[in-house]
Every structure is written in structure tokens, then in C-alpha cells.
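In this note's numbering, the protein residues as written are 2 to 386.
Report on the structure given below.
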Ligand SMILES: [Zn+2]
Ligand SMILES: [Zn+2]
């Protein structure tokens, strides 16, 4: 790609702020010290900025994975300005292009194909063609009054949230500069790099659990610092799902926050992809990888054909068990919501419920067999060396 011209505004902001953070923050700490108050402000603003980007800019505005009350959108708009990651309109438009043209070095604004540095922050420092302002993919957002209000007053909001708010909080506690340095400067730099890790690290290191169509990876460690956004392979595969960590134990505070808003009536229409589609995608990827491993082993182990047949058979049985469970679940839910259900005999209700539970149990056993088979693949590969 031809070297684009330098964007001096961004270059100065994104090189000077880390430089000042690395020098002024420790200097002030060693000279005057910080109080618990400034540390608390830092932690709260860090979480506020992060959540405004993940739950607001990303899952709400870019992907429309749920709908939010105007109050929540207003709070996110302020938090997004505090994070200094451009306004919603620019951010979401860039991000939609990232998904539409992922890994295309000419069109993806932060294509991982151009390396770690480029996808992390290099793309912001020059006027690349792929980052050119084009809101044609964000017409819906131009109808959101809060998005447009933030767009019009972005610079003022950035100054209020990054200087005004920490200075005011510092004034309340009697240490303006300490609060501006910790809650303003250090928080700003760290929250930006945390978000950028999703464009860099989550497209380089981790597992491609659901699809190999893009470079996106599931990285549970990254989820710990990115409010749950580390499950990036799931996200690129099922981008309109409000969850990134789909299992209940996956660390995804953004998902829990959105669910919490929904319980309070502040979020509605939370979109979830069907478990059958998600599990099928995971199964297909495991099957594809195991097939490739067995194919590679065909000359090394004598019973490769037997293993291949076993793989085929278990894969088919897994798929069948999955679909049977989904069909029984559908029937069970439909029956439960039917008006006639109350008139059914106890025996009929029991029969239907039991057949659903049986299909659930069969699926569980089948999945356990499949996992055992998957675990034996690396063992076989090891024995052939
Ligand atoms: Zn996304
Ligand atoms: Zn991505």
C-alpha cells in the first residue's frame, strides 16, 4: 500500500498523550503522591469509558444488537467522548467497514493483514484511503438525535469529559492536578490502547472456534481487560449477537451490563443467535481440523481409515443429536405457549417434557463422546512422530 500522508492532529494527540502519561504521572506520584480518591476516579472513569465503547459504540450503535433507552444512549455518548475515540458516527461507520471487508487491506480501515502496529494504532496516524470519511453505511445512525448531537458538539464534549470532569472532581477533593493526571490523562491513554488491542491482538492470537473466514480470534485473556470483547471470533461470526462471550461462564461484563439494563427496562430487543447455529459452527470447525489431521496422518498410522470412519460417524451423530434436541425444544416451547396446553392431560404434558429431556441427555452424551474423540487427535498425531 502506498504510504499515505501523516494526519498531524492524530499523530500529535496519540504520541504526546502517552509521552506525558509516562512522565508526568509518575513524577507527580513521586513528588506529591496520589490519594485513594484519585485512584477511585481513575478506576470508575476507566470502566465508564470502556463500557461506553463496548456496550455503546460497538454492540449498540455499530451492530444494533439491542435497543437502548435515550438516557442510556446519552450516557454512552458522553462516555465515548471521554474515551476520545472519535464520535459515534465515525467510529461505527469505520467498524461496519471493518466487518464488511475484514482483512481486505484496501478496504478494512484496521486490517490485521497489514500487521500488528497498523491494526493497533498505525491506521489512525495517517490519512489512509480505507479510513476516508464515508457515512453511507451509517444512515440509520444519522437519524439518532443523540448520535448527531454528539457529532456536532464532539470537541466541547471531549474537553468537558477529559479536562472539566476530572478537574471538577479533583477540586472537590482538593487536588485538581492529581485527578487530571490520573483520572484524565493516564485513564485516557490506557482506555484507548485497551480498545485498540481488539483490532490488533484479537486478530492475531487466539482460537478460531467458529470460523476461519476471517483472522478474528477468541482470546479469553484479552476478554479480561476488554470488558468481554476478547471473544472476537465468535463476534465476527455472529456479529449481531449482543454477547461476545456466549457461554455463561465466559467473562463478558458488557453482556451482563446489557442484560442488567434489560431487566431494568432500559434495553430491549436483545438479539441472540440460536444455540443450534452456534454449536453447528463450532462442530464444523472441529470436524474440519480433525479431518485435516487424520488426512495428514494417513501414511503415519496404520489404522487411519478406521479413525476417519469413526470421525465421520461421530460427526453425523452429533449433528443429528443437535438437530433432534432443537426440534424437541421447539415443540416443547410451542406446546407450553399454546392455549390448549392447560387442557392437556398430565400424562401428555409429561410425555412431551420427557422426550425433550431425553433428547437433551442424548445430546450431552454425544457431545462427551465427541470431546473424547477430539482429545485423541493430538495424541494420535504425537504417536506418529
Ligand atoms: Zn464488531
Ligand atoms: Zn475485528
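By construction, the Cβ of each residue, glycine as well, lies at the ideal position given by its N, Cα and C atoms.
Computed from a predicted model, the values in this text were never measured in an experiment.
#1: Among 311, 240, 131, 283, which one has its Cα closest to the Cα of residue 6?
#2: Comparing the CB of residue 91 with every heavy atom of ligand 1, is any distance shorter than 7 angstroms?
#3: Of all residues in the structure, which have a C-beta closer than 6 angstroms to any heavy atom of ligand 1, taken in chain order?
#4: So, at 6 angstroms on beta carbons, what are the nonlocal neighbours of residue 69 in its own chain, with the 5 sequence-adjacent residues on each side left out?
#5: Comparing C-alpha positions only, which one of 195, 177, 188 sits nearest to residue 33?
#6: Within 8 angstroms, do at least three Cβ pairs link the segment 204-220 to the segment 164-180?
#7: Taking the alpha helix (DSSP H) that residue 337 belongs to, which residues open and close that run?
#8: May I have the straight-line CA-CA distance separating residue 240 from residue 275, to the nearest angstrom?
#9: Please specify which runs of the alpha helix (DSSP H), each continuous and at least 4 residues long, are wholly inside the segment 172-258, giving them in chain order.
#10: Could you compute how far the alpha carbon of residue 262 sits from the alpha carbon of residue 17?
#11: Name the residue from 288, 126, 22, 293 whose alpha carbon lies nearest to the alpha carbon of residue 315.
#12: Check whether the Cβ of residue 217 sits closer than 7 angstroms to any heavy atom of ligand 2, and report yes or no.
#13: Since residue 97 and residue 56 should fall inside the 8 angstroms C-beta cutoff, what is the C-beta to C-beta distance between them, to a whole number of angstroms?
#14: Just checking my contact of residue 277 with residue 324 at CB under 8 angstroms: how many whole Å lie between their CB atoms?
#15: Count the other C-beta atoms from every protein chain shown that fall within 10 angstroms of the C-beta of residue 171, then say buried if there are 16 or more, exposed otherwise.
#16: Between the Cα of residue 40 and the Cα atoms of 339, 215, 167, which residue gives the shortest distance?
#17: Nearest-angstrom Cα distance between residue 128 and residue 110?
#18: Look at the alpha carbon of residue 162 and the alpha carbon of residue 186, and state the distance between them as a whole number of angstroms.
#19: Does DSSP classify residue 133 as helix, strand or coil?
#20: Mapping the DSSP letters down to three states, classify residue 54 as helix, strand or coil.
#21: CB of residue 200 to nearest heavy atom of ligand 2: below 7 angstroms?
#22: Identify which residue in 216, 30, 281, 338 has its Cα closest to the Cα of residue 364.
#23: For residue 283, collect the residues of the same chain with a Cβ closer than 8 angstroms to its Cβ; drop the 5 residues on either side in sequence, then sort them by chain order.
#24: Tell me whether residue 256 is buried or exposed, calling it buried when 16 or more other Cβ atoms sit within 10 Å of its Cβ.
#25: According to DSSP, simplified to helix, strand and coil, what is residue 386?
#26: Identify which residue in 104, 353, 58, 52 has its Cα closest to the Cα of residue 218.
#27: Is the closest heavy atom of ligand 2 to the C-beta of residue 103 under 7 angstroms?
#28: To the nearest angstrom, report how far apart residue 303 and residue 378 are at their CA atoms.
#29: Secondary structure at residue 268, three-state DSSP: helix, strand or coil?
#30: How about residue 233: is its Cβ closer than 7 angstroms to a heavy atom in ligand 2?
#31: Between which residues of its own chain and residue 386 is the CB-CB distance below 6 angstroms, once the five residues before and five after are set aside?
#32: Within 10 Å of its beta-carbon, does residue 376 have 16 or more other beta-carbons around it, so buried, or fewer, so exposed?
#33: Count the other CB atoms within 10 Å of the CB of residue 1; is the residue buried (16 or more) or exposed (fewer)?
#34: Could you check what DSSP says for residue 5 in three-state terms: helix, strand or coil?
#35: Confirm the yes/no value for this check: CB of residue 204, any heavy atom of ligand 2, distance under 7 angstroms.
Taking the definition as stated:
#1: 131
#2: no
#3: 59, 63, 64, 96, 100, 236, 240
#4: 61, 268
#5: 177
#6: no
#7: 305-338
#8: 13 angstroms
#9: 177-180, 188-201, 221-226, 233-238
#10: 37 angstroms
#11: 288
#12: yes
#13: Residue 97 to residue 56, Cβ: 17 angstroms. No contact.
#14: 7 angstroms
#15: buried
#16: 167
#17: 10 angstroms
#18: 11 angstroms
#19: coil
#20: helix
#21: yes
#22: 281
#23: 210, 211
#24: buried
#25: Note that residue 386 scores a pLDDT of 33, beneath 50, so its modelled location is shaky; the value from the coordinates is reported in the next line. Here residue 386 sits in coil by DSSP.
#26: 104
#27: yes
#28: 15 angstroms
#29: strand
#30: yes
#31: Only weak support is given to the placement of residue 386: the predicted model assigns it a pLDDT of 33, under 50, and the question is left unresolved by the model.
#32: exposed
#33: No statement about residue 1 is possible, as the shown extent of the chain runs from 2 to 386 and does not include it.
#34: coil
#35: yes
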